[in-house]
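Note that our numbering has the sequence shown beginning at 4, numbered continuously upward.
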Amino acid sequence: METEDFAMFVASQQQTDVDTRIFWEEQRDEWLSALDSLYEKIAGFLREYIEAGSISYDFTEIEMNEPEVGKYLAKRMDIKIGRQHVSLVPIGTVLVALKGRVDAVGSAGRGQILLVDERVKSAADLIKVTVNIKGSIPSSPPAQKPPISWVWKILTNALQKSFEDLDKESFFELVMEIANA
(Lines of atoms letter the chains of each structure in order from A and count residues from 1; the text may use other names and numbers.)
(Lines give C-alpha, C1' and ligand atoms only; values in the text may rest on other atoms or scores of the structure.)
Protein backbone atom coordinates (compact mmCIF):
# COMPACT_ATOMS: atom_id res chain seq x y z
CA MET A 1 0.00 0.00 0.00
CA GLU A 2 2.75 2.50 0.93
CA THR A 3 4.69 1.64 -2.23
CA GLU A 4 1.58 2.29 -4.31
CA ASP A 5 1.02 5.66 -2.58
CA PHE A 6 4.64 6.58 -3.12
CA ALA A 7 4.41 5.66 -6.81
CA MET A 8 1.35 7.93 -7.17
CA PHE A 9 3.22 10.74 -5.39
CA VAL A 10 6.22 10.35 -7.73
CA ALA A 11 3.95 10.36 -10.78
CA SER A 12 2.14 13.49 -9.61
CA GLN A 13 5.43 15.32 -9.14
CA GLN A 14 6.52 14.52 -12.67
CA GLN A 15 3.41 16.21 -14.05
CA THR A 16 4.11 19.29 -11.92
CA ASP A 17 7.60 19.62 -13.46
CA VAL A 18 6.11 19.68 -16.96
CA ASP A 19 3.54 22.30 -15.95
CA THR A 20 6.22 24.42 -14.26
CA ARG A 21 8.52 24.25 -17.28
CA ILE A 22 5.69 25.39 -19.55
CA PHE A 23 4.90 28.27 -17.17
CA TRP A 24 8.50 29.51 -17.19
CA GLU A 25 8.75 29.20 -20.98
CA GLU A 26 5.60 31.34 -21.29
CA GLN A 27 7.03 33.82 -18.79
CA ARG A 28 10.27 34.06 -20.81
CA ASP A 29 8.41 34.46 -24.11
CA GLU A 30 6.16 37.21 -22.69
CA TRP A 31 9.26 38.97 -21.33
CA LEU A 32 11.07 38.82 -24.68
CA SER A 33 7.98 40.10 -26.48
CA ALA A 34 7.68 42.99 -23.99
CA LEU A 35 11.38 43.74 -24.50
CA ASP A 36 10.87 43.94 -28.27
CA SER A 37 7.91 46.29 -27.72
CA LEU A 38 10.07 48.50 -25.50
CA TYR A 39 12.77 48.74 -28.15
CA GLU A 40 10.21 49.55 -30.86
CA LYS A 41 8.77 52.31 -28.67
CA ILE A 42 12.21 53.81 -28.03
CA ALA A 43 13.14 53.63 -31.72
CA GLY A 44 9.95 55.58 -32.35
CA PHE A 45 11.00 58.23 -29.81
CA LEU A 46 14.35 58.58 -31.61
CA ARG A 47 13.02 58.39 -35.20
CA GLU A 48 13.53 62.05 -36.17
CA TYR A 49 17.13 61.98 -34.85
CA ILE A 50 17.85 58.68 -36.58
CA GLU A 51 16.50 60.02 -39.88
CA ALA A 52 18.68 63.13 -39.45
CA GLY A 53 21.74 60.91 -38.89
CA SER A 54 22.53 62.28 -35.42
CA ILE A 55 21.59 59.09 -33.55
CA SER A 56 22.07 55.44 -34.45
CA TYR A 57 21.38 52.20 -32.65
CA ASP A 58 21.97 48.50 -32.99
CA PHE A 59 21.35 45.34 -31.03
CA THR A 60 23.65 42.79 -29.45
CA GLU A 61 22.42 39.39 -28.32
CA ILE A 62 23.37 38.62 -24.75
CA GLU A 63 22.97 35.41 -22.81
CA MET A 64 20.63 35.58 -19.86
CA ASN A 65 20.48 33.00 -17.08
CA GLU A 66 17.66 33.29 -14.56
CA PRO A 67 16.53 30.93 -11.83
CA GLU A 68 13.73 28.67 -13.06
CA VAL A 69 13.75 30.20 -16.57
CA GLY A 70 17.24 28.96 -17.39
CA LYS A 71 19.53 30.23 -20.14
CA TYR A 72 18.18 32.17 -23.10
CA LEU A 73 19.20 34.95 -25.48
CA ALA A 74 17.88 38.51 -25.23
CA LYS A 75 18.76 41.71 -27.06
CA ARG A 76 20.63 44.69 -25.62
CA MET A 77 19.93 47.98 -27.42
CA ASP A 78 23.00 50.16 -27.91
CA ILE A 79 22.27 53.79 -28.77
CA LYS A 80 25.02 56.06 -30.12
CA ILE A 81 24.51 59.81 -29.76
CA GLY A 82 27.67 61.46 -31.09
CA ARG A 83 30.40 60.49 -28.63
CA GLN A 84 27.89 59.26 -26.05
CA HIS A 85 26.75 55.65 -25.79
CA VAL A 86 23.68 54.50 -23.92
CA SER A 87 22.87 50.82 -23.54
CA LEU A 88 19.53 49.33 -22.59
CA VAL A 89 20.51 46.12 -20.84
CA PRO A 90 17.84 43.53 -20.01
CA ILE A 91 18.19 42.33 -16.42
CA GLY A 92 15.42 39.75 -16.28
CA THR A 93 11.85 38.77 -15.61
CA VAL A 94 12.07 36.75 -12.38
CA LEU A 95 11.57 39.71 -10.05
CA VAL A 96 9.24 40.41 -7.13
CA ALA A 97 6.19 42.51 -8.15
CA LEU A 98 7.68 43.24 -11.59
CA LYS A 99 7.36 41.56 -14.96
CA GLY A 100 10.75 42.78 -16.14
CA ARG A 101 13.65 45.18 -15.70
CA VAL A 102 15.97 46.93 -18.15
CA ASP A 103 18.89 49.05 -16.99
CA ALA A 104 19.72 52.16 -19.01
CA VAL A 105 23.49 52.59 -18.72
CA GLY A 106 25.39 55.72 -19.74
CA SER A 107 28.77 57.29 -19.08
CA ALA A 108 27.50 59.14 -15.98
CA GLY A 109 25.16 56.63 -14.42
CA ARG A 110 22.39 54.16 -14.68
CA GLY A 111 18.61 54.18 -14.57
CA GLN A 112 15.90 51.57 -14.50
CA ILE A 113 13.02 50.96 -16.86
CA LEU A 114 10.57 48.53 -15.26
CA LEU A 115 7.64 46.53 -16.55
CA VAL A 116 5.09 47.05 -13.78
CA ASP A 117 1.37 47.05 -13.10
CA GLU A 118 0.04 50.25 -14.68
CA ARG A 119 -1.55 51.22 -11.33
CA VAL A 120 1.84 51.43 -9.58
CA LYS A 121 2.93 55.02 -8.94
CA SER A 122 5.70 54.59 -6.33
CA ALA A 123 8.09 52.02 -4.91
CA ALA A 124 5.79 51.74 -1.88
CA ASP A 125 3.02 50.56 -4.23
CA LEU A 126 5.18 47.57 -5.16
CA ILE A 127 5.12 46.48 -1.52
CA LYS A 128 1.33 46.77 -1.47
CA VAL A 129 1.06 44.70 -4.64
CA THR A 130 3.37 42.03 -3.19
CA VAL A 131 1.49 41.91 0.12
CA ASN A 132 -1.83 41.61 -1.69
CA ILE A 133 -0.49 38.73 -3.74
CA LYS A 134 1.14 36.88 -0.82
CA GLY A 135 -0.93 38.23 2.07
CA SER A 136 -2.85 36.29 4.67
CA ILE A 137 -5.94 34.27 3.92
CA PRO A 138 -8.98 36.58 3.94
CA SER A 139 -11.96 35.79 6.16
CA SER A 140 -14.34 36.20 3.24
CA PRO A 141 -13.95 35.16 -0.39
CA PRO A 142 -11.62 37.51 -2.23
CA ALA A 143 -13.15 40.08 -4.55
CA GLN A 144 -12.49 39.53 -8.22
CA LYS A 145 -9.22 41.34 -8.92
CA PRO A 146 -8.92 43.18 -12.20
CA PRO A 147 -6.33 41.71 -14.56
CA ILE A 148 -2.91 43.31 -14.43
CA SER A 149 -2.00 45.53 -17.34
CA TRP A 150 1.80 45.59 -17.61
CA VAL A 151 3.41 48.84 -18.79
CA TRP A 152 6.94 50.21 -18.98
CA LYS A 153 7.80 52.90 -16.44
CA ILE A 154 10.97 54.70 -15.41
CA LEU A 155 12.04 54.48 -11.77
CA THR A 156 13.10 57.99 -10.76
CA ASN A 157 16.31 58.61 -8.84
CA ALA A 158 14.56 61.05 -6.51
CA LEU A 159 14.58 60.46 -2.75
CA GLN A 160 10.96 59.30 -2.89
CA LYS A 161 11.25 56.63 -5.58
CA SER A 162 8.37 57.04 -8.00
CA PHE A 163 7.44 55.64 -11.38
CA GLU A 164 7.02 57.86 -14.41
CA ASP A 165 5.16 56.61 -17.43
CA LEU A 166 7.61 55.86 -20.22
CA ASP A 167 7.02 58.46 -22.88
CA LYS A 168 9.25 60.48 -25.18
CA GLU A 169 9.91 63.24 -22.62
CA SER A 170 10.65 60.92 -19.68
CA PHE A 171 12.97 58.79 -21.83
CA PHE A 172 14.88 61.85 -23.08
CA GLU A 173 15.27 63.06 -19.46
CA LEU A 174 16.63 59.65 -18.45
CA VAL A 175 19.15 59.62 -21.31
CA MET A 176 20.38 63.12 -20.47
CA GLU A 177 20.71 62.17 -16.78
CA ILE A 178 22.76 59.02 -17.38
CA ALA A 179 24.85 60.67 -20.12
CA ASN A 180 25.65 63.67 -17.88
CA ALA A 181 24.07 66.19 -20.27
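Think of the CB as a built atom: it goes at the ideal place given N, C-alpha and C, for glycine as much as any other residue.
| Sheet register partners of serine 59 (DSSP bridge) | Lys83
| Cβ-based neighbour list, isoleucine 58, same chain, cut-off 6 Å, excluding 5 preceding and 5 following | Once the five neighbours on either side are set aside, the close Cβ partners of isoleucine 58 are Leu49, Tyr52, Ile84.
| field | Candidates Leu177, Trp34, Ser36: closest to glycine 112 by CA position | value | Leu177
| said: By the DSSP assignment, the beta strand (DSSP E) with isoleucine 157 in it spans what residues? | reply: 153-158
| field | Inter-residue Cα distance where the pair is leucine 76 and threonine 6 | value | 43 Å
| said: Bridge partners for lysine 3 per DSSP, in chain order? | reply: Residue 3 lies beyond the stretch modelled for the chain, which goes from 4 to 184, so this question has no answer here.
| said: Can you look up phenylalanine 104 in the DSSP assignment and give me helix, strand or coil? | reply: A small fix is needed here, since residue 104 is arginine in this sequence, not phenylalanine. The answer is strand: DSSP assigns arginine 104 an E or B state.
| request: State buried or exposed for isoleucine 189, treating a residue as buried only when at least 16 other CB atoms are found within 10 Å of its CB. | output: The chain is shown only over 4 to 184; residue 189 falls outside these bounds and no answer can be derived.
| Simplified DSSP state of aspartate 170, which is helix, strand or coil | coil
| query | How would you call proline 93, buried or exposed, if buried means at least 16 neighbouring beta carbons within 10 angstroms? | reply | buried
| task | Look at glycine 109 and alanine 182 and say whether their C-beta atoms are less than 7 Å apart. | result | yes
| request: Could you give the DSSP three-state label for arginine 122: helix, strand or coil? | output: coil
| Count the other CB atoms within 10 Å of the CB of glycine 47; is the residue buried (16 or more) or exposed (fewer)? | Taking all protein chains shown into account, glycine 47 has fewer than 16 neighbouring C-beta atoms within 10 Å of its C-beta and is therefore exposed.
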